[in-house]
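Participant: For the sequence shown, this note's numbering assigns the number 16 to the initial residue and increments by one for each residue that follows. Glycine included, each C-beta is placed from N, C-alpha and C at the ideal position. Structure in structure tokens, see below.
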Amino acid sequence: GNVGNQATCDAQGFVIQSGYLSALFYSIFLAAYFLMSVKYNWRESQWKKIEPMLHSAAIIVPAASGAFCLREDLFNPTVRFCWIQSYPINCESSHEIECIRGEEAQKFRLTFMFLPIVMGVFSVFACMTMLCLYVRRIESDALSHSLRWRSNAQSGSGELKKTKQVFQKACWYVGALVLVWSPSMINVVASKVTDVKPWLAFFLQLIAAVVMPSQGLLNAFVYSKFKLHSVIGSSISSMGKRLSFWSEEGRRFSGGNDTYVNEANDQINIDYAEPLDEESERKLNEIETAFNMK
């Protein structure tokens, strides 16, 4: 239950509404940061120019939504805290109970919660997909310029390892976002389309109360443990520097010693690709810089 008066309920509802929406904004901005830094070669100086605008958007827009809810008397007690809710609870769906506050709470829950979450998850998913496709293209170009094996046994050994790594890390990030917001979304949709059994509503709200505050913790886990932006960088850049010399397999075969390169090439029958043109070399250097941004 909730303890307090209408003023404390309004204050709690404002903080929850503004806080969750702000966290969603920052999740989108983080995904956009990696996409823009890697694919479009944005530098730290460029980010510093728009950083105040990003922070302003992540604070002002959520605060504006909270202020609107205050004006419309939408913050009322729910089962677990004060948020967008009719008062008495569910009076808008009953013909016997007259609403004192928040007559259109369901509509505004969809507007201020469901739609932002759907748009946020879609935006993050789109950014991560574009990032994966870009890394795949860069790695494919790198492999196409690397040594080509004439032996059939070796012809299928090329593998887009870094693309797989980026894809896995992107899945972790999107999965963390979906995990945090799914219980609340399911609860909102269920309450809109059908009568939710009390035990199920309580169970969904309990899960939401536990996982919603963990958005930042899960983001920290993904980026500290898996290091999305650094896992790719050094490998692609080092591969780019060696593209016109030898493949990883050829390098291991020769023991990394330049003295034996020609002998190894004669034994395993390798063709060298054309040297990288200036444009390709420039792109690889830019990727290296982007991935190693502090």
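1) Pick from Phe83, Phe90, Leu50, Phe44: whose alpha carbon is nearest that of Met68?
2) Across the stretch 123-143 and the stretch 33-47, are there enough close Cβ pairs to call them in contact, namely three or more that are closer than 8 Å?
3) Counting beta carbon pairs with one atom in the stretch 22-33 and one in the stretch 95-106, are three or more of them shorter than 8 Å?
4) Using DSSP bridges, identify the partner residues of Arg116.
5) When burial is assigned at 16 or more other CB atoms within 10 Å of the CB, is Gly271 buried or exposed?
6) Distance, Cα to Cα, Leu125 vs Ser155?
7) Say whether the stretch 188-203 touches the stretch 211-223, bearing in mind that this needs 3 or more beta-carbon pairs closer than 8 Å, one atom from each stretch.
8) Does DSSP classify Tyr35 as helix, strand or coil?
9) Hey, is the stretch 113-121 in contact with the stretch 70-80, meaning 3+ C-beta pairs nearer than 8 Å?
10) Grab me the residues of Phe217's own chain with a C-beta within less than 7 Å of its C-beta, minus the 5 sequence neighbours each way, in chain order.
11) DSSP on Phe96, reduced to helix/strand/coil?
12) Mapping DSSP to helix, strand and coil, what is Asn394?
13) Which value, in whole angstroms, describes the spacing of the CA atoms of Pro92 and Ile104?
14) Express the C-alpha separation of Ala120 and Phe129 in angstroms, rounding to a whole number.
15) Can you tell me whether Gly81 is helix, strand or coil according to DSSP?
16) Which residue's Cα is closest to the Cα of Ser33: Ala78, Leu148, Gln180?
17) Could you give the DSSP three-state label for Trp196: helix, strand or coil?
18) Can the beta-carbon of Phe127 be found less than 9 Å from the beta-carbon of Cys186?
19) Taking Cβ to Cβ, would you say Phe49 is nearer than 9 Å to Leu146?
20) Taking all protein chains shown into account, decide if Lys184 is buried (16 or more other Cβ within 10 angstroms of its Cβ) or exposed.
21) Once you ignore the five residues that flank Trp57 on each side, which residues in its own chain have a CB closer than 6 Å to its CB?
22) Which first and last residues belong to the alpha helix (DSSP H) in which Gly359 is found?
23) Which value, in whole angstroms, describes the spacing of the CA atoms of Gln61 and Ala47?
24) Using C-beta distances below 8 Å, list every residue in its chain close to Ala38, excluding the 5 sequence neighbours before and after it, in chain order.
25) In this structure, does DSSP put His70 in helix, strand or coil?
Facilitator: In short, the structure shows the following:
1) Phe44
2) yes
3) yes
4) Tyr102
5) With a pLDDT of 45 at Gly271, under the threshold of 50, the modelled position of that residue is not reliable, and the figure given next carries that caveat. Counting Cβ neighbours within 10 Å, Gly271 comes out exposed, since fewer than 16 surround it.
6) 43 Å
7) yes
8) helix
9) no
10) Val94
11) coil
12) Residue 394 lies beyond the residue range present for the chain, which begins at 16 and ends at 309; the question has no answer from this structure.
13) 8 Å
14) 13 Å
15) helix
16) Ala78
17) helix
18) no
19) yes
20) buried
21) Met51
22) No answer is possible for residue 359: it lies beyond the span of the chain, which begins at 16 and ends at 309.
23) 13 Å
24) Gln230, Gly231
25) helix
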